[in-house]
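Just below is one structure, and these are the notes that go with it.
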Amino acid sequence: MSQLKNILQEIHRRSVWQVLGVYLAVSWVVLQVVETLTESAGLPDWVPPGALVLLLIGLPIVLATAVVQEGVGGSRDVARGHGHEANASTRAADPGESMEADLGSTVAQNLAAGTGSLDRPSTRPSATRRLFTWRNAILGGVLAFALLAVAIGGYWVMWASGIGPVGSLVAQGVLEERDPVILSDFENLTPDPALSEVVTEALRVDLDRSEVLSVLSPAAVGQVLRRMNRADEEVLGAELAREVALREGVKAVIEGEVGAAGSGYVLTARLTGAQGDVLASFRVAARDGDEMIDAIDELSQDIRERSGESLRAIKGGEPLSAVTTGSVEALRLYSQAIKRSTWGDRAGAVRLLEDAIELDPEFAMAYRKLGVELGNLGMDPERALQAVTRAYELRSRLTDRERGLAEAYYFTNAQSDPARAAEAYERVLSQYPDDPTALNNLALLYPRQGRFDEAVALLERAVSGPAATAPAYSNLFAGLWDSRREAEAEALLAEARARYPNSDMVADMGGRLALARHRWDEAHELSAGRARRFGAQPPSHLEALYHMASADAARGKLEEARRHSEQALRIAREEDQTSWVWAAAGHQAWYELFVARSTSRASALLEGALDTAPYTGGFTGSWDLLNLLSFWSLAGEVERAAELGELFQDSPEQDRFASEAGLYFDWAQGLARDDAQTALDAIRLSMERELQCQERRCWGHFESGLALEALGRTDEAIQAYEMHLGGTDLGDADWDGANYAASLEQLCHLSADVEDAARVQEHCGALVRLWAEADAELEPRIRSARERMAGSLPADVGP
Numbered sequence: 004m005s006q007l008k009n010i011l012q013e014i015h016r017r018s019v020w021q022v023l024g025v026y027l028a029v030s031w032v033v034l035q036v037v038e039t040l041t042e043s044a045g046l047p048d049w050v051p052p053g054a055l056v057l058l059l060i061g062l063p064i065v066l067a068t069a070v071v072q073e074g075v076g077g078s079r080d081v082a083r084g085h086g087h088e089a090n091a092s093t094r095a096a097d098p099g100e101s102m103e104a105d106l107g108s109t110v111a112q113n114l115a116a117g118t119g120s121l122d123r124p125s126t127r128p129s130a131t132r133r134l135f136t137w138r139n140a141i142l143g144g145v146l147a148f149a150l151l152a153v154a155i156g157g158y159w160v161m162w163a164s165g166i167g168p169v170g171s172l173v174a175q176g177v178l179e180e181r182d183p184v185i186l187s188d189f190e191n192l193t194p195d196p197a198l199s200e201v202v203t204e205a206l207r208v209d210l211d212r213s214e215v216l217s218v219l220s221p222a223a224v225g226q227v228l229r230r231m232n233r234a235d236e237e238v239l240g241a242e243l244a245r246e247v248a249l250r251e252g253v254k255a256v257i258e259g260e261v262g263a264a265g266s267g268y269v270l271t272a273r274l275t276g277a278q279g280d281v282l283a284s285f286r287v288a289a290r291d292g293d294e295m296i297d298a299i300d301e302l303s304q305d306i307r308e309r310s311g312e313s314l315r316a317i318k319g320g321e322p323l324s325a326v327t328t329g330s331v332e333a334l335r336l337y338s339q340a341i342k343r344s345t346w347g348d349r350a351g352a353v354r355l356l357e358d359a360i361e362l363d364p365e366f367a368m369a370y371r372k373l374g375v376e377l378g379n380l381g382m383d384p385e386r387a388l389q390a391v392t393r394a395y396e397l398r399s400r401l402t403d404r405e406r407g408l409a410e411a412y413y414f415t416n417a418q419s420d421p422a423r424a425a426e427a428y429e430r431v432l433s434q435y436p437d438d439p440t441a442l443n444n445l446a447l448l449y450p451r452q453g454r455f456d457e458a459v460a461l462l463e464r465a466v467s468g469p470a471a472t473a474p475a476y477s478n479l480f481a482g483l484w485d486s487r488r489e490a491e492a493e494a495l496l497a498e499a500r501a502r503y504p505n506s507d508m509v510a511d512m513g514g515r516l517a518l519a520r521h522r523w524d525e526a527h528e529l530s531a532g533r534a535r536r537f538g539a540q541p542p543s544h545l546e547a548l549y550h551m552a553s554a555d556a557a558r559g560k561l562e563e564a565r566r567h568s569e570q571a572l573r574i575a576r577e578e579d580q581t582s583w584v585w586a587a588a589g590h591q592a593w594y595e596l597f598v599a600r601s602t603s604r605a606s607a608l609l610e611g612a613l614d615t616a617p618y619t620g621g622f623t624g625s626w627d628l629l630n631l632l633s634f635w636s637l638a639g640e641v642e643r644a645a646e647l648g649e650l651f652q653d654s655p656e657q658d659r660f661a662s663e664a665g666l667y668f669d670w671a672q673g674l675a676r677d678d679a680q681t682a683l684d685a686i687r688l689s690m691e692r693e694l695q696c697q698e699r700r701c702w703g704h705f706e707s708g709l710a711l712e713a714l715g716r717t718d719e720a721i722q723a724y725e726m727h728l729g730g731t732d733l734g735d736a737d738w739d740g741a742n743y744a745a746s747l748e749q750l751c752h753l754s755a756d757v758e759d760a761a762r763v764q765e766h767c768g769a770l771v772r773l774w775a776e777a778d779a780e781l782e783p784r785i786r787s788a789r790e791r792m793a794g795s796l797p798a799d800v801g802p
C-alpha cells in the first residue's frame with residue numbers, strides 16, 4: 004500500500020494529472036474537428052476511428068514524457084552527497100543536473116524489478132531522457148497524423164482512379180453515372196418471415212437518393228415481369244432479377260441476405276453483373292432490431308461509395324431513419340403495401356399504409372403513397388386530400404426525390420396551383436432526369452400552360468427510358484392523338500400492347516381509340532374484353548362499363564346501354580364510393596338526355612343518386628358532382644341544382660369558377676335558363692383554357708353547337724357540330740357515343756332547315772346507318788331522318 008501511495012505521490016509531484024487532462028482536452032478537440040471534416044468534406048468512415056487509435060497510442064507516450072521530463076509542474080531535487088535539499092540557485096548551477104534525466108528510467112526499472120525504490124542513481128546518463136522529450140512527442144504526433152492524411156489521400160486517389168479493392172466502379176468503367184440497377188428481394192435467413200421485405204424496401208429508399216445509381220422502381224420491374232409472363236412472382240429473387248436485367252440491358256443487380264447472429268442481424272449484399280459476376284461485396288451488422296435501420300443506412304452508404312458516389316454527397320443527406328421511419332414494424336407494413344400496389348391490389352395497399360401510419364403518425368412516405376393510391380382508386384377524395392396535405396406538412400422527413408413529388412402532388416391536388424406543381428416536378432427532374440413519375444405528371448401539367456409539344460417530348464423520354472411505365476404510354480398515346488398525329492398514336496398502341504400484354508391501362512387505350520374513331524362495334528368488344536379480364540378491379544370495371552354503354556348509346560341500343568350503366572351504378576353503391584355513384588349516374592343521364600331525350604328518366608336517375616350519396620360539403624368528387632348537377636339542370640331541376648352548386652361554390656377547398664367543371668355547370672345552367680349567351684361564353688372560356696383547339700382535338704364543340712343553335716346562329720351551330728364529328732380528345736371518349744349520335748341528328752335537322760341538300764344526305768344518311776339496329780323507341784326519329792333525306796332529293800329521284 005505504501006508503494007502505491009509513493010507512486011501516486013510521485014505522479015502528482017510530476018503533474019501527470021495535469022498533463023493527462025490537457026491531453027484529453029486536446030484529443031477531444033481533435034476528434035471533433037476530424038468528425039466535422041468527415042461529415043462536411045466527405046472523409047472515409049474509417050478516419051475518425053483511425054484518429055482515435057493514433058490518439059490512444061500517443062497517450063502513454065505523452066504520459067511517459069511527463070514522467071521523464073520532471074520539470075513539468077516544479078520538481079524536487081535531492082542534492083548529491085548531502086542529506087538536505089539544495090536551494091534553487093544551487094540546482095540551476097549544479098553540473099550534475101543532467102543526471103536528473105534518468106529518473107523516470109530508474110523509477111521504472113526499480114518498480115519493474117520489484118524493489119519499490121524511488122531513489123535515483125548517483126551518476127548514470129540515460130538515453131531515455133533524450134528520447135522522451137516534448138519535442139519528440141509533438142513531432143511524433145504530427146508525423147502520425149501526416150501519415151493518416153497520406154492514407155486518406157491515397158484512398159481518394161485509388162477510389163477516383165478505380166485502383167484496387169477500393170476503386171469506384173464508375174472509375175473502373177464497370178458502371179456509368181445514372182446507370183439503372185435492379186434491387187432484388189433480399190433472401191431471408193432469419194426466423195422473422197417479413198424482415199427481408201423491410202431491408203429491401205428501406206435499402207431502396209436510401210439508394211433512391213444516389214446521384215450515381217438509378218434503382219428501377221417496383222412498377223417498372225413489374226411491367227417487365229408481365230412481359231415475361233411472370234407477373235405472378237411474389238418474390239424478385241436474385242436469379243429472376245438477373246433475368247430481368249439481361250432482358251432489359253441493365254448492367255447490375257443488387258442482391259443480398261439477412262442473417263441472424265445471436266440476438267442481432269447480419270446484412271450482406273453484392274453488386275453483381277447481369278451474368279452473375281460479383282462486382283463488389285458488402286457486410287454490416289446490427290446488434291438488435293432497434294439498430295436495423297441504421298445498419299441498412301450504413302449498407303446503402305457502402306454500396307453508393309463503391310459505385311462511385313462522393314462521400315460528401317452521401318454524408319450530406321439525412322439519416323435513413325429521418326426520411327423514412329424509426330419503426331421497423333411501420334416500415335414492414337409500408338414495404339408490403341408497395342408490393343400490393345405493384346401487384347395491382349391498391350385497396351390492400353391502402354389498408355397496409357393506414358396501419359403503418361397508425362404505428363408512426365409522422366411517416367411522411369406512407370402519407371404520400373396513401374394519397375396517391377386513394378387518388379388512383381378514385382376512392383374517398385377527402386381522405387386522399389388529407390393524406391396529400393399531411394405528406395406536404397411532413398416533407399422535411401422525405402428524401403429529395405420524395406419531397407419534390409410530395410410538393411408537386413400537393414400543389415396539383417390540394418391547392419390547384421399547376422405552376423408551382425410544375426416547378427416542383429422540374430426540380431425533381433434536375434436531379435433525377437429519368438424519374439418516371441415526374442416525367443409523366445409534368446407532361447400532364449404542361450398542356451395547361453399551352454406547352455403541348457414539351458409535354459409530348461417529356462412522355463417520349465419517359466417511354467424510351469429504363470423506367471418506362473404503362474401510364475407514360477397511355478398519356479403519350481393521348482397526346483399524339485389529340486395532336487392529330489394518328490399514325491404515331493396507332494404505332495405507339497401496337498408497341499404498348501407488345502410491351503404490356505397484360506396491362507389494364509393498355510386495354511383502356513385500345514377501347515378509347517375505338518371510341519374516338521367512332522368504331523362502335525370494336526369499342527364495345529374491346530371494352531367487354533377488358534371488363535372480363537379486369538373485372539376484379541372496380542375502377543377498371545367501371546370504365547369498361549362506361550365505354551360499353553357509350554358505344555351502345557351511339558348505336559341507339561339504349562336498353563343495352565342502360566344495363567351496363569345500372570351494373571356500374573350497382574358496383575359503385577356496393578363499394579360505398581360517393582363520387583363513383585355520381586359518375587355512374589351522370590354517364591347514364593347524359594345519353595338519356597341526348598339520345599333517349601327523356602328528361603324525366605334522367606332527373607329521376609340523378610335524384611336517386613343524390614339520395615343514395617348526398618353531398619355533405621367539401622372537396623369530395625368535385626368533377627363528378629358538378630357534372631351531375633349540370634345534367635340535373637338540363638333535366639329541368641334548375642333551381643335545386645343551383646342550390647347545391649352554390650353550396651359547393653362556398654366550399655373553401657374548391658374555387659368552382661376556376662375549374663373546367665365549374666364552367667361546364669355554368670354552361671348547363673345557362674341553357675336550362677334560356678340564357679344561351681351565358682352558356683356560350685362559359686363553354687368558350689373553358690375551350691380557351693384548353694388552348695390550340697383549332698390545331699388540336701378538344702372537347703366542347705358539341706356543347707358550343709347546342710348554345711349556338713339556341714341563339715339561332717344556325718350556320719355556326721352546323722360548323723360546331725361538324726367539328727365535333729371530326730373527333731374529340733381521348734379524355735372525352737367516355738361521353739362521345741351520345742355526343743356523336745346527337746350531333747348527327749342535330750346536323751340532319753339543321754341542314755334541312757337551311758335547305759342544304761348535300762349535308763342532309765350526308766348527315767341524315769349517317770344517322771340512319773348508325774341506328775340501323777336501334778331500339779324501337781328511336782324508330783320515329785329514324786323515320787324523320789329518312790323523310791328529310793327524301794324531301795331534300797329532286798322530284799325525279801326517289802328516296
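Residue numbers (the numbering used here): 4 to 802. The beta carbon of each residue, even a glycine, is placed where N, CA and C say it ideally should be. The model shown is predicted, which means the values in this text are computed figures rather than measured ones.
| Check | Outcome |
| --- | --- |
| Rounded to whole angstroms, how far is the Cβ of Leu186 from the Cβ of Val160, which I believe are closer than 8 Å? | No, Leu186 and Val160 are not in contact; Cβ-Cβ is about 30 Å, not under 8 Å. |
| Taking three-plus beta-carbon pairs below 8 Å as touching, is the stretch 716 to 733 in contact with the stretch 690 to 707? | yes |
| Quick check on DSSP: helix, strand or coil for Val281? | strand |
| Taking the beta carbon of Pro474 as the centre, do at least 16 other beta carbons fall within 10 Å, making it buried, or is it exposed? | buried |
| Among all the DSSP beta bridges, which residues are the ones paired with Ile185? | Val256 |
| For Gly329 and Ala501, what's the separation of their Cα atoms in angstroms? | 43 Å |
| Are the stretch 348 to 360 and the stretch 329 to 340 in contact at 8 Å, needing three or more beta carbon pairs? | yes |
| Hey, how far is the Cα of Leu750 from the Cα of Ala616? | 37 Å |
| Looking at the secondary structure, which residues open and close the alpha helix (DSSP H) in which Tyr412 lies? | 403 to 416 |
| Compute the beta-carbon to beta-carbon distance between Ala519 and Thr731, rounded to the nearest angstrom, for a pair I have assumed lies under 8 Å. | 7 Å |
| Write down every uninterrupted run of the beta strand (DSSP E) in the stretch 487 to 518 whose length is 3 residues or greater and which is fully enclosed by it, in chain order. | none |
| I'd like the list of long-range same chain contacts for Cys696, defined as Cβ closer than 6 Å, with 5 residues on each side in sequence excluded. | Met690 |
| If you draw a straight line from the alpha carbon of Gly53 to that of Phe135, how long is it in whole angstroms? | 24 Å |
| With C-beta atoms as the reference, is Leu545 less than 8 Å away from Trp583? | yes |
| Under three-state DSSP, which class holds Tyr618? | coil |
| Select from Glu204, Glu246, Thr392 the residue whose C-alpha is nearest the C-alpha of Ile299. | Glu204 |
| At a cut of 8 Å, does the stretch 391 to 398 reach the stretch 365 to 372 through at least three beta carbon pairs? | yes |
| For Gln278, which of Ala255, Glu649, Phe148 has the nearest alpha-carbon? | Ala255 |
| With a threshold of 7 Å on Cβ separation, who are the neighbours of Leu733 within its own chain once the five nearest residues in sequence on each side are excluded? | Ala481, Trp484, Asp485, Arg515, Ala519 |
| Please classify Asn191: does DSSP put it in a helix, a strand, or coil? | strand |
| Among the residues of its own chain, which have a CB less than 8 Å from the CB of Trp137, if the five just before and after it don't count? | Thr68, Gln72 |
| Can you find the residues in the same chain that come closer than 7 Å, C-beta to C-beta, to Glu236, ignoring five residues on each side of it along the sequence? | Leu228, Leu243 |
| In whole angstroms, what separates the C-alpha of Val202 from that of Asp348? | 22 Å |
| Bridge partners of Arg273, per DSSP? | Glu258, Ser284 |
| How big is the Cα-Cα spacing for Gly745 and His527? | Correcting the residue identity first, residue 745 is Ala in this sequence and not Gly. Rounded to whole angstroms, Ala745 to His527 spans 19 Å at the Cα level. |
| So, at 6 Å on beta carbons, what are the nonlocal neighbours of Gly74 in its own chain, with the 5 sequence-adjacent residues on each side left out? | With a pLDDT of 48 at Gly74, under the threshold of 50, the modelled position of that residue is not reliable, and the figure given next carries that caveat. No residues qualify anywhere along the chain. |
| Indicate whether Thr553 and Gly740 have their beta-carbon atoms separated by less than 8 Å. | Reading off the sequence shown, one finds Ser at residue 553, where the question assumed Thr. Yes, Cβ-Cβ distance for Ser553 and Gly740 is below 8 Å. |
| Using DSSP with H/G/I as helix, E/B as strand and the rest coil, what is Tyr268? | strand |
| Can you look up Ser217 in the DSSP assignment and give me helix, strand or coil? | strand |
| According to the neighbour-count rule (16 or more other Cβ atoms, all chains shown, within 10 Å of its Cβ), is Asn139 buried or exposed? | exposed |
| Whole angstroms is fine: what's the gap from Glu782's alpha carbon to Leu432's? | 57 Å |
| First and last residue of the alpha helix (DSSP H) that includes Phe366? | Run containing Phe366: none; DSSP gives neither H nor E here. |
| Which same chain residues, not among the five before or five after Arg487, have their C-beta less than 8 Å away from its C-beta? | Glu698, Arg699, Arg700 |
| Grab the span of the alpha helix (DSSP H) containing Glu236 for me, first residue to last. | Careful: Glu236 lies outside any alpha helix (DSSP H) and carries neither H nor E. |
| Would a check of beta-carbon distances place Leu447 closer than 8 Å to chain D? | Annotation note: the requested chain D is absent from the structure, which comprises a single protein chain. |
| Along the chain, where does the alpha helix (DSSP H) containing Tyr435 start, and where does it finish? | Where Tyr435 is concerned, there is no enclosing alpha helix (DSSP H), given that its DSSP letter is neither H nor E. |
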